[in-house]
Ligand SMILES: [Zn+2]
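Residue numbers (full-length UniProt numbering): 1 to 258.
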């Protein structure tokens with residue numbers, strides 16, 4: 001494993017975030033800061049490089065909180081809004097740096113082109129519109145970001161193909177319900193695993209807590225952090241206490257170093 005990878009959890013919440021607007025659920029009313037979860041994303045830093053995985057609706061706030069002044073690229077897992085809706089807010093980075101590299105499979109780029117047509121428009125561009133440099137991600141094809149190699153891991157979010165990413169000993173998998181054997185093999189040897197654990201009850205497109213724990217048993221990483229958490233998982237403090245050694249709930253602004 002390459003040294004010096006710093007991972008900051010920018011958001012660890014499911015699609016609505018926690019608290020959910022208007023909710024009176026006890027977890028949504030919790031005073032524990034670890035129960036406040038923005039939409040899911042991580043910042044990866046090494047040397048001078050800064051990459052994010054996904055760019056959800058809380059992207060702007062996340063960049064301000066962590067005083068990120070340079071962005072070398074965005075790796076997208078899939079096109080759902082909680083992972084993409086903040087794309088317009090790359091503007092300050094674009095104004096300083098020029099086209100911002102994005103890494104995504106064809107289907108996701110197609111969806112981004114539809115939803116952010118002005119970003120991809122070639123003629124008569126609006127002067128303030130940001131622009132991106134597209135890098136296509138394909139199953140089975142490693143790619144370089146900065147001076148490091150990324151292995152895409154294709155996982156299933158119910159019937160939707162989603163990419164997770166492995167960089168050295170770090171693997172990030174969100175919005176997973178199942179993983180085919182061929183792709184699973186690529187995860188083995190991971191030292192730090194981040195994977196989704198949505199809630200206690202089963203869900204059609206996400207691991208619940210029990211499924212996430214049995215996935216950890218199979219991968220056997222040194223350390224695991226659960227993310228993409230719903231208020232229905234329970235209070236951070238209580239769930240954290242119930243987990244096996246070396247398995248933790250991630251929380252917003254948690255920083256880990258590999
Ligand atoms: Zn999601």
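Positions of the beta carbon are idealized from the N, C-alpha and C atoms, including for glycine.
| Query | Result |
| --- | --- |
| Nearest-angstrom Cβ-Cβ length linking residue 74 and residue 118, presumed shorter than 8 Å | Wrong, their Cβ atoms sit about 17 Å apart, outside the cutoff. |
| Any non-hydrogen atom of ligand 1 closer than 7 Å to residue 248 Cβ | no |
| Whole-angstrom distance between residue 164 and residue 171, CA atom to CA atom | 7 Å |
| Burial state of residue 122 (16 or more Cβ within 10 Å) | exposed |
| Nearest residue (CA-CA) to residue 71, options 229, 173 and 101 | 101 |
| Cutoff 6 Å; reference residue 161; Cβ partners in own chain excluding five residues on either side | 154 |
| Pairwise C-alpha distance: residue 124 and residue 257 | 44 Å |
| Contact test: residue 82 Cβ vs ligand 1 heavy atom, cutoff 7 Å | yes |
| Proximity test, residue 203 beta-carbon vs ligand 1 heavy atom, cut-off 7 Å | no |
| Local Cβ density within 10 Å of residue 95, reported as buried at 16 or more and exposed below that | exposed |
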